[in-house]
Amino acid sequence: MPIPVPLNETLNRFALIIVTGGSSGIGCSIIKAINTVVPEAVICNLSRSEPDVFLGKKGVHLSTDLSDAKQVDAAAAELRRVIGDLPPGEVLLVNNSGFGDYGPTQEAEIDKQLNMIDLNVRAVVDLTLQILPEMQERGGVVMNIASTAAFQPTPYLAAYGATKAFVLNWSLALNEDLRGTKVSAMAICPGPTRSNFFKRAGFETPPMEAGGFNKYLDMTADEVAKCALRGLAKGKPLVVTGFLNKCIAFLGSKTPRVLVTSLGGKVLRKMRLGEG
Numbered sequence: 639m640p641i642p643v644p645l646n647e648t649l650n651r652f653a654l655i656i657v658t659g660g661s662s663g664i665g666c667s668i669i670k671a672i673n674t675v676v677p678e679a680v681i682c683n684l685s686r687s688e689p690d691v692f693l694g695k696k697g698v699h700l701s702t703d704l705s706d707a708k709q710v711d712a713a714a715a716e717l718r719r720v721i722g723d724l725p726p727g728e729v730l731l732v733n734n735s736g737f738g739d740y741g742p743t744q745e746a747e748i749d750k751q752l753n754m755i756d757l758n759v760r761a762v763v764d765l766t767l768q769i770l771p772e773m774q775e776r777g778g779v780v781m782n783i784a785s786t787a788a789f790q791p792t793p794y795l796a797a798y799g800a801t802k803a804f805v806l807n808w809s810l811a812l813n814e815d816l817r818g819t820k821v822s823a824m825a826i827c828p829g830p831t832r833s834n835f836f837k838r839a840g841f842e843t844p845p846m847e848a849g850g851f852n853k854y855l856d857m858t859a860d861e862v863a864k865c866a867l868r869g870l871a872k873g874k875p876l877v878v879t880g881f882l883n884k885c886i887a888f889l890g891s892k893t894p895r896v897l898v899t900s901l902g903g904k905v906l907r908k909m910r911l912g913e914g
């Protein structure tokens, strides 16, 4: 088993660190964590709003709606230009942007569901493939933020869970496809995280406030970011954040699909009704 490389040594490999959705939540925490370890890191954030956190002296914010394919094309073209002007070094791409939509599928807004799929899935593949040739020349890592929702069907979050299952499986397959090249891929699977996710998704009661066992599963965005970067330093293709989340993900993947779907539906239905 390889000896983990110190985090500062790992991050210093990268001439450029690209983060999508760094204006809040896990993406913002990843930027903060990187700046804490390597203040001189060159960070490029892609999101609609500019983050409050420091992007480094040479950092840049590209105002981009990643659910819009034309804006992804424009951002990718600018990133290719930036990468071409960089000194030698690898590129780290953190695909973090995404959102959920909570409620029964038959009550969902079609446009919102499709917008979510565009952002959570299409933009991840599109942006990655557009800058992958440059990354293969220099070396680098594609870090995709998935979710523990990827390990089983998620009633009331049906399309969201499916998008994260795609991200997880695509990341692992991409990593295998890239074997023997200078680029690797990894998936980060957080459990319930204290961020704006649940409010935007339409939860009346976020999991960590629902009482019972759920309150032991939540982590802060800063904690998730630290787990992700530790996984990066260790070269892990898959990181599930938190011991209990690892247990839940493992059990969810081993339990019969119909049963785990029914159990998940009961838990998520309680949150819709505001029950503890």
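Take any residue in the sequence shown, count from 1 to its spot, add 638: that is its number in my numbering.
For each residue, glycine too, the CB sits at the ideal point set by N, CA and C.
Bridge pairing for L876: A825 [DSSP]. Cβ contact annotation for S687 (same chain, cutoff 6 Å, sequence separation greater than five): S661, in chain order. In the DSSP assignment, S667 falls within the unbroken alpha helix (DSSP H) covering 663 to 675. Rounded to whole angstroms, F804 and V729 show a C-alpha spacing of 23 Å. Residues V675, V676 of the same chain have their beta carbon placed closer than 8 Å to that of N646, with the five preceding and five following residues left out of the count.
Look at N733 here: in three-state DSSP terms it is strand. The beta carbons of F652 and G736 sit no closer together than 9 Å. With fewer than 16 other CB atoms across the displayed protein chains lying within 10 angstroms of its CB, A707 is exposed.
Assigned with DSSP and collapsed to three states, V691 falls in coil, not helix or strand. DSSP assignment within the region 712 to 781 yields the following whole beta strand (DSSP E) runs of 3 residues or more, N-terminal first: 728 to 733.
In its chain, beyond the 5 residues on either side, I664, P828, T831, T879 have a beta carbon closer than 6 Å to the beta carbon of V862. The distance from the Cβ of T702 to that of A715 is about 11 Å, inconsistent with a contact at the 8 Å cut-off.
In terms of Cβ geometry, D756 and E747 do not form a close pair [threshold 9 Å].
With contacts defined as CB atoms closer than 9 Å, V680 and K670 fail to qualify as a contacting pair. Under DSSP, V657 forms a beta bridge with N683, V732. A straight-line Cα-Cα distance of about 14 Å links G869 and A784.
Secondary structure of T858 (DSSP, three-state): strand.
In this structure, the alpha-carbon of P793 lies about 23 Å from that of N734. S705 is not bridged by DSSP to any residue. Cβ-Cβ distances below 8 Å link V710 to T702, L704, A761, D764, L765, Q768 in the same chain, with the five nearest sequence neighbours on each side left out; the list follows chain order.
In this structure, A787 keeps its C-beta atom at 9 Å or more from the C-beta atom of N807. By the CB criterion at 9 Å, L876 and I672 fall outside the cutoff. At least 9 Å separates the beta-carbon of L717 from that of E678. L684 is a Cβ neighbour of I656, given a cutoff of 9 Å. Between L816 and S809 the beta-carbon gap is near 11 Å, outside 8 Å, which marks them as no contact. For E814, the enclosing alpha helix (DSSP H) starts and ends at 796 to 815.
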